[in-house]
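Protein chains: 2
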Amino acid sequence: MANSRQAVRGREAAKPARVSRAQRALILKALADPRRFELLQQIAKAGCPLGCAQARAALPISAATLSHHIKELETAGLIDVRREGKFHYLSLRVGVLASLAAGLSALEPASAPGR
Amino acid sequence: MANSRQAVRGREAAKPARVSRAQRALILKALADPRRFELLQQIAKAGCPLGCAQARAALPISAATLSHHIKELETAGLIDVRREGKFHYLSLRVGVLASLAAGLSALEPASAPGR
DNA sequence: GAATCAATTCGAGAGTTATCGAAATGTCGA
DNA sequence: TCGACATTTCGATAACTCTCGAATTGATTC
């Protein structure tokens, strides 16, 4: 729906792709809400895609609110939502957090970008 | 005024200190505002402490708003403010961004914390 | 088709925050 | 002490967002 710039990478495994300014703002805003962060943690912790019911069990929020947060995380590109009939499954989109982290670390003087 | 948990580290140089949940929320909220992020970038980019006048030149905001954002960044622990008479100087507090970045990366499955 | 369950959308209330102009505080030099 | 300048605080407005219950959509089963 939105991004098609991903996964086309040659050899080196862990090189994080750059995130645009706009997407970075989206991601940071998504992470800034404590509940959403906790939800993301739950998704990350579970090895397999997380069902909404499990997510609800972990967070004391209504279904409407959960739906809202899921959409925020998805819009930010932090998670993938696999819609399978009646159920939806949430999984972490790998690389996004790493890219953000790399961008943040790059601001620090110690990690001089010149090498 | 707030944190006294810092700098007590034995040997290994770059090991980032953990951030509490509350502080992480503060930091992420501080970073989530585009203007604030840009301000932080300016501070980081400048090698030496940045004067408020330079900050204002870089950002199209009023003095009141700038003051507000500075306080947010300071409260989050992202910057240090050296108050020197009439002028204030902003500098990046090293290690905080790195700690946050490390915490975020740790959520990704690739960097299995089990080793 | 009707009932049931999962998830979303709608509408609204409460709380938070970004922003500014105006006023206040603090500092320096004359 | 006075005036000029830097920064903060105050007060207020507008915009945003978290949250929920109720209504809706969509899929499955009977």
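Which chain is which? The protein sequence lines are R and D, in order. Count along the first sequence from 1, add 1, and you get the number used in the working numbering. Count along the second sequence from 1, add 1, and you get the number used in the working numbering. Positions of the beta carbon are idealized from the N, C-alpha and C atoms, including for glycine. Quantities reported herein were computed from a predicted structural model and do not represent experimental measurements.
Item: Candidates 72(R), 100(R), 77(R) and 52(R): which alpha carbon is nearest residue 88(R)'s?; Value: 52(R)
Item: Check whether the Cβ of residue 21(R) lies closer than 8 Å to any Cβ atom in chain D.; Value: no
Item: Could you tell me whether the Cβ atoms of residue 37(D) and residue 101(D) are closer together than 8 Å?; Value: no
Item: Please return the same chain residues whose Cβ sits closer than 6 Å to the Cβ of residue 49(R), not counting the five positions on each side in sequence.; Value: none
Item: Check whether the Cβ atoms of residue 43(R) and residue 33(R) lie closer than 8 Å to each other.; Value: no
Item: Residue 108(D) to residue 86(D), Cα distance in whole Å?; Value: 44 Å
Item: Just curious, the beta strand (DSSP E) that residue 83(D) is in, first and last residue?; Value: 80-85
Item: Who are the neighbours of residue 30(R) on chain D, taking C-beta pairs under 8 Å?; Value: 33
Item: Have a look at 66(D), 94(D), 65(D) and 63(D) and flag the residue whose alpha-carbon is nearest the alpha-carbon of residue 75(D).; Value: 94(D)
Item: Which of helix, strand or coil does DSSP assign to residue 68(R)?; Value: helix
Item: Is the Cβ of residue 75(D) closer than 8 Å to any Cβ of chain R?; Value: no
Item: Cα separation between residue 72(D) and residue 92(R)?; Value: 36 Å
Item: Cβ atoms of residue 31(R) and residue 79(R): under 8 Å apart, would you say?; Value: yes
Item: Within 8 Å (strictly less), CB to CB, does residue 4(R) reach chain D?; Value: With a pLDDT of 44 at residue 4(R), under the threshold of 50, the predicted position of this residue should be treated as unreliable, though the coordinate-derived value follows. Chain D contact via Cβ: absent.
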